[in-house]
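Numbering (this note's numbering), first residue to last: 24 to 273.
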């Protein structure tokens, strides 16, 4: 692509790209509990820690002349992911199910953390590109791996009215901000870098069953609010779909 003049920028990370990726290995720890608080309420809690070796990470290595990113893969020698998950399912009325989930995630490269501690260039500085202010970096300045949101949540409502053969689903997903670009060229994400803003997505569907439940008519809307972001070129806008489904057997 570079020879064809399709690349406007090559990032320093491109030097770390290897033709042969090493296999990824991990040691994982997980603990969870499931609580049936009531016949209509179920709660799940989970904590996890994954120690990763040669973690295969997706990174942006270049930018095309049309501003689309070019991605590749690199091995991270030592990294980890850790966090907690919670989920709850509530059935307050006949035919109505409400479920919600939340995830807290920390995903970091231990090599970056060691480089900051040892004052290795260029990891030893954080710079505000707007003001030019530069300070000595600390491990606490390191936010984590690219494209990982610290907070994720979802809420789903499902209702079915069996006498009419009608069901409806509404779902909302949320992701907090995620690192996109190392804007100040110190090779790790800090508060002065470029982030994909936090956002919520809304999905909805409606289904009607006919012909003794053999025929289903469905209308679906994805990304109902038509949310887009220039930093997420692969995210489509609003999608509306309609379909028919025939079941030969109930």
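Note that beta-carbon positions come from the ideal geometry of N, C-alpha and C, so glycine has one too. Given the structure is predicted, the values throughout are model-derived calculations rather than measurements.
Looking from the CA of residue 112, the closest CA among 93, 69 and 60 belongs to 60. Collapsing the DSSP output to three states places residue 267 in a strand. In the three-state reduction of the DSSP assignment, residue 124 falls in the strand class, which pools E and B. Residue 164 sits in a helix when the DSSP states are folded into three classes.
The alpha-carbon separation between residue 64 and residue 71 amounts to approximately 24 Å. Inclusion of residue 162 and residue 178 in the CB contact set at 8 Å is not warranted, their separation being larger than that value.
Residue 135 and residue 89 have their C-alpha atoms roughly 31 Å apart. In this structure residue 198 is buried. Its beta-carbon is surrounded by 16 or more other beta-carbon atoms within 10 angstroms. A Cβ-Cβ contact shorter than 8 Å links residue 80 with residue 96.
Secondary structure at residue 139: helix, using DSSP grouped into helix, strand and coil.
The Cβ atoms of residue 160 and residue 209 sit closer than 8 Å to each other. Judged by beta-carbon spacing, residue 243 lies within the 8 Å limit of residue 228, meaning their Cβ atoms are closer than that value. No alpha helix (DSSP H) of 4 residues or more sits fully in the segment 148-216. The criterion of a C-beta distance shorter than 8 Å is satisfied by residue 169 and residue 212.
Per DSSP, reduced to three states, the secondary structure at residue 134 is helical. Nearest to residue 129 by C-alpha distance, out of 217, 43, 75 and 258, is 75. Of 78, 109, 52 and 133, the smallest CA-CA separation from residue 45 is found for 78.
Residue 246 and residue 255 have their C-alpha atoms some 14 Å from each other.
In the three-state reduction of the DSSP assignment, residue 63 falls in the coil class.
Closest in alpha carbon position to residue 47, among 34, 103 and 69, is 103.
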